[in-house]
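**Q** First the structure, then my questions, so here it is.
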Amino acid sequence: MQPTTRRDFLRNTALTVSGSLLAARTAWAIPAIGRTRPSHLKLSLAAYSYRQLLQGNEPKMDLFDFVNLAADQGLDGVELTSYYFPADVTTEYLHRIKQHAFVLGLDISGTSVGNNFCVPDGPARDKQMELVRTWVDRAAELDAPVIRIFAGTVAKGDDEAKAVERAIDGIKASLPYAAERGVSLALENHGGITATPGQLLKLVKAVDAPNFGVNLDTGNFHGEDPYADLAELAPYAVNVQVKTEISRKGQKKEEADLAKVIDILRTARYSGYVVLEYEAAEDPMKAVPRHIKTLRNLIDAR
């Protein structure tokens with residue numbers, strides 16, 4: 001049996017979409033996610049928000065402490081960012097952290113992998129492919145529905161077009177195994193060959209699978225109008241990471257208009273997790289609860 005593509009999925013379920021999405025389908029090689037129901041947003045928090053406390057030779061907290069902090073703030077879920085797991089991750093550890101979150105009323109909204117699919121064939125690429133496969137297995141054990149992945153970086157002197165093709169091939173090769181384990185892969189807009197909507201869509205157009213989409217990071221577009229860029233990609237989002245700052249081309253960072261971000265997601269009928277990934281300079285112990293309260297009010301306003 002041939003694997004189901006997103007086109008097949010949407011056609012078979014006979015989804016009806018708005019005129020704007022129909023126009024977008026004409027322009028794009030694969031259809032945007034054909035959501036027809038009102039947006040349903042859930043609030044999560046990325047462990048990366050507390051990176052200063054979670055990393056180093058003597059970290060001040062671990063992922064269990066992070067989950068406790070999230071529960072204290074009345075969240076719906078947590079992103080257990082892969083960088084802060086112990087070096088010797090075991091299935092028993094994954095089950096313990098999953099159970100810890102569960103009894104505190106938290107979903108594990110997702111996890112991440114710091115992969116690089118731009119590297120050429122050889123042992124280094126094999127290592128990257130195995131890294132993604134490993135985190136697919138771990139996500140499955142955690143019952144995490146999505147992993148945010150990266151396209152990778154173009155090495156100095158490498159041909160960018162070839163690197164893009166290698167990134168596409170890496171994503172395509174990883175998706176069937178992820179589907180077997182019940183995990184979706186979400187490609188993040190993260191600079192380099194995914195720095196602009198056009199660059200990211202070039203990769204997205206080339207991949208057609210129901211368990212693939214965009215991890216929309218609201219702080220990672222730096223063009224003239226980052227909000228317009230976010231609106232262009234929102235129909236493809238399967239996970240959203242919210243930053244509290246944005247950077248326009250040639251300008252200093254400014255405070256993000258979180259109300260506008262939430263409105264963009266609702267207009268696109270995005271349903272799923274809105275994950276705060278705090279990166280600003282203020283102490284996260286003080287700033288994160290304030291931003292969580294703002295996002296909660298915006299989400300619950302309807």
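Just so it is clear: in the sequence shown, position 151 is 151 by this note's numbering, and no numbers are missing. Built from N, CA and C at the ideal position, the CB exists for glycine as well. It should be emphasised that the depicted structure is a prediction, and the values quoted were computed from it without experimental measurement.
1) With DSSP collapsed to three states, give me the class of residue 180.
2) Nearest chain C C-beta to residue 98 closer than 7 Å, yes or no?
3) Using the DSSP secondary-structure output, state which residues sit across from residue 241 in a beta bridge.
4) Rounding to the nearest angstrom, what Cα-Cα distance links residue 50 and residue 66 in this structure?
5) How many Å lie between residue 243 and residue 85 at the Cα?
6) Exposed or buried, residue 77, counting other C-beta atoms within 10 Å across all chains shown (16 or more means buried)?
7) Thinking C-beta only, is residue 91 closer than 7 Å to residue 141?
8) Is it right to say residue 14 is buried, meaning 16 or more other beta carbons lie within 10 angstroms of its own, or is it exposed?
9) Near residue 111, which residues of its chain fall below 6 Å by C-beta distance, leaving aside the five closest residues on each side in sequence?
10) Report buried or exposed for residue 183, applying the criterion of at least 16 other Cβ atoms within 10 angstroms of its Cβ.
11) Determine which residues share a DSSP beta bridge with residue 212 and list them.
12) For the beta strand (DSSP E) that residue 233 lies in, which residues bound it at each end?
13) Pull up the DSSP beta-bridge partners for residue 108, would you.
14) Given that a residue counts as buried once 16 or more other Cβ atoms are within 10 Å of its Cβ, and exposed if not, what is residue 267?
15) Are there 16 or more other CB atoms within 10 angstroms of the CB of residue 330, so buried, or fewer, so exposed?
16) Straight-line CA distance for residue 128 to residue 117?
17) Using only CA atoms, which one of 43, 103, 226 lies nearest to residue 294?
**A** The structure says:
1) helix
2) In the structure shown, chain C cannot be found, because there is only a single protein chain.
3) 217, 275
4) 8 Å
5) 23 Å
6) buried
7) yes
8) Here residue 14 scores only 37 on pLDDT, less than 50, and its place in the model is too uncertain to base an answer on.
9) 80, 82, 139, 144, 147
10) buried
11) 185
12) Where residue 233 is concerned, there is no enclosing beta strand (DSSP E), although the alpha helix (DSSP H) it sits in stretches over 226 to 233.
13) 78
14) exposed
15) Outside the displayed span of the chain (1 to 302) sits residue 330, for which this structure offers no information.
16) 7 Å
17) 43
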